[in-house]
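Under the numbering used here, the first residue of the sequence shown carries the number 1105, and numbering increases by one thereafter.
Backbone N, C-alpha and C fix where the C-beta goes; we use that ideal spot for every residue, glycine too.
Please read these numbers as outputs of a predicted model, since none were measured by experiment.
Report on the following structure.
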Amino acid sequence: MPLDPSVKAILDALAANPQPKMWQLPVAQGREAYEGIRLLNGNQSVPIGRVEPIEAQGPAGPIRMRGYYPVAGGGARPVILFFHGGGFTIGSLETHDDCCRRLADESGCPVISVDYRLAPEHKFPAALEDAMAALRHVQANASALSVDPNAIAVAGVSAGANLSAVLAQLVRDGGGPRICLQLLMCPFLDATARTGSLDEFAEGYFLERRTMEWFLEQYLPDGQAPEDPRISPAKAASLAGLPPAIILTAECDPLRDDGKAYADLLSAAGVDVTYICAPGMIHDYMTMAGAIPRAREDLATVGRMIAERLG
């Protein structure tokens, strides 16, 4: 299927103003460039009940988080713990602010976004350690956060979806508070995968294969095996007993087949899976909902699913 017209307009605008590739830039400049994703989104801000700063104590110091509380509902609510994307190297609370607002608004659940440590300053497993610390903080401080400690979902985009999937596995194995649902959007799940979509959309579709390779170079310490399930959750010895999953992929994303393969593996292991592939979309499209109608529709859809499943 061809690119959606709204997506094509974004890619055409980027092509008309060519910039150095992410992997050609110093990390600091790459991060600054990615912050510009908000301009692609129209720099919109979806109204929401309240937004407040939250701080958790992590293994290397304080972890900044941000809580998004919808207008509707009072008292303790199911909560979505959210991890932004950016290849473990770029991205922030700001780059995924609109996505979090929309998820909170559509689901009626608070969303708590986590500003985990980034590579290369903090290589694996720093981001994962912060993710687990954030999960423990939410459970331990549920009353103060006005959330239900027994109804926690994890969610993320790309690298953030990776952290969500790995957390679900660690928790299953007794490593942390119970997770009731995982929402994996444009997920990166297998650092060893060589898929058809990776070849088909290697260049020119926002996320590029060389950029993905560069992200891994920043994230992995020397000698670290990429097939470690804490890096490649699709490589886990068993996927049985994991929480239900909603997996959202984009047709024109090099990571599309990664998400589909994980959905199939989960289903084969007896896990309840809902899989959606958005036609004509690119990687990260849900962070551009101000400019892409399908992104708004899909965030509304998964928001309703979360509300139904977490009650």
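Three-state secondary structure assigned by DSSP to residue i
{"i": "G1280", "result": "coil"}
{"i": "F1310", "result": "coil"}
{"i": "L1185", "result": "strand"}
{"i": "P1337", "result": "helix"}
{"i": "V1150", "result": "coil"}
{"i": "V1375", "result": "coil"}
{"i": "T1193", "result": "coil"}
{"i": "D1364", "result": "Here residue 1364 turns out to be Lys, not Asp, going by the sequence shown. Of the three classes helix, strand and coil, the one that applies to K1364 here is helix, per DSSP."}
{"i": "A1395", "result": "coil"}
{"i": "S1110", "result": "helix"}
{"i": "T1304", "result": "This sequence places Glu at residue 1304; Thr is not what is there. If DSSP states are grouped into helix, strand and coil, E1304 belongs with the helices."}
{"i": "G1140", "result": "coil"}
Beta-ladder partner(s) of residue i, from DSSP
{"i": "M1390", "result": "M1390 pairs with nothing; no bridge assigned."}
{"i": "P1157", "result": "R1170"}
{"i": "R1240", "result": "According to DSSP, which records beta bridges pairwise, R1240 is partnered with nothing at all."}
{"i": "Q1286", "result": "V1258, A1349"}
{"i": "A1354", "result": "A1382"}
{"i": "I1216", "result": "G1171, L1185"}
{"i": "G1162", "result": "G1165"}
{"i": "V1251", "result": "R1181"}
Residue i versus residue j: straight-line alpha-carbon distance, rounded
{"i": "V1150", "j": "R1413", "result": "24 Å"}
{"i": "P1281", "j": "Q1243", "result": "7 Å"}
{"i": "N1145", "j": "D1388", "result": "11 Å"}
{"i": "G1260", "j": "A1120", "result": "30 Å"}
{"i": "S1250", "j": "A1272", "result": "22 Å"}
{"i": "R1400", "j": "D1277", "result": "35 Å"}
{"i": "I1396", "j": "Q1322", "result": "30 Å"}
{"i": "V1111", "j": "G1384", "result": "8 Å"}
{"i": "A1223", "j": "A1164", "result": "14 Å"}
{"i": "L1370", "j": "A1238", "result": "25 Å"}
{"i": "P1348", "j": "P1109", "result": "33 Å"}
{"i": "L1115", "j": "A1231", "result": "30 Å"}
{"i": "D1363", "j": "K1227", "result": "Looking at the sequence shown, residue 1363 is not Asp but Gly. The alpha-carbon atoms of G1363 and K1227 are separated by roughly 24 Å."}
{"i": "P1182", "j": "I1216", "result": "11 Å"}
{"i": "S1268", "j": "L1287", "result": "8 Å"}
{"i": "T1353", "j": "L1107", "result": "14 Å"}
{"i": "I1167", "j": "A1113", "result": "37 Å"}
Per-residue burial, residue i [other beta carbons within 10 Å of its own, 16 or more giving buried]
{"i": "G1394", "result": "buried"}
{"i": "Q1128", "result": "exposed"}
{"i": "S1342", "result": "exposed"}
{"i": "E1331", "result": "exposed"}
{"i": "G1264", "result": "buried"}
{"i": "S1247", "result": "exposed"}
{"i": "T1296", "result": "exposed"}
{"i": "D1303", "result": "exposed"}
{"i": "N1245", "result": "exposed"}
{"i": "N1254", "result": "exposed"}
{"i": "M1105", "result": "exposed"}
{"i": "G1189", "result": "buried"}
{"i": "G1171", "result": "buried"}
{"i": "P1174", "result": "buried"}
{"i": "A1344", "result": "exposed"}
{"i": "L1346", "result": "buried"}
{"i": "L1143", "result": "exposed"}
{"i": "R1221", "result": "buried"}
{"i": "E1355", "result": "buried"}
Cβ-heavy atom distance, residue i to the ligand ATP, below 6 Å
{"i": "L1239", "result": "Summarising the ligand content, the structure contains no ligands, and the ligand ATP is consequently not present."}
Touch test, the region 1151-1160 against the region 1404-1414, Cβ-Cβ under 8 Å, three pairs minimum: no
Could you tell me whether the region 1204-1221 touches the region 1107-1124, using the rule of 3 or more Cβ pairs below 8 Å? no
Per the contact definition of three or more C-beta pairs closer than 8 Å, is the region 1366-1385 in contact with the region 1300-1317? no
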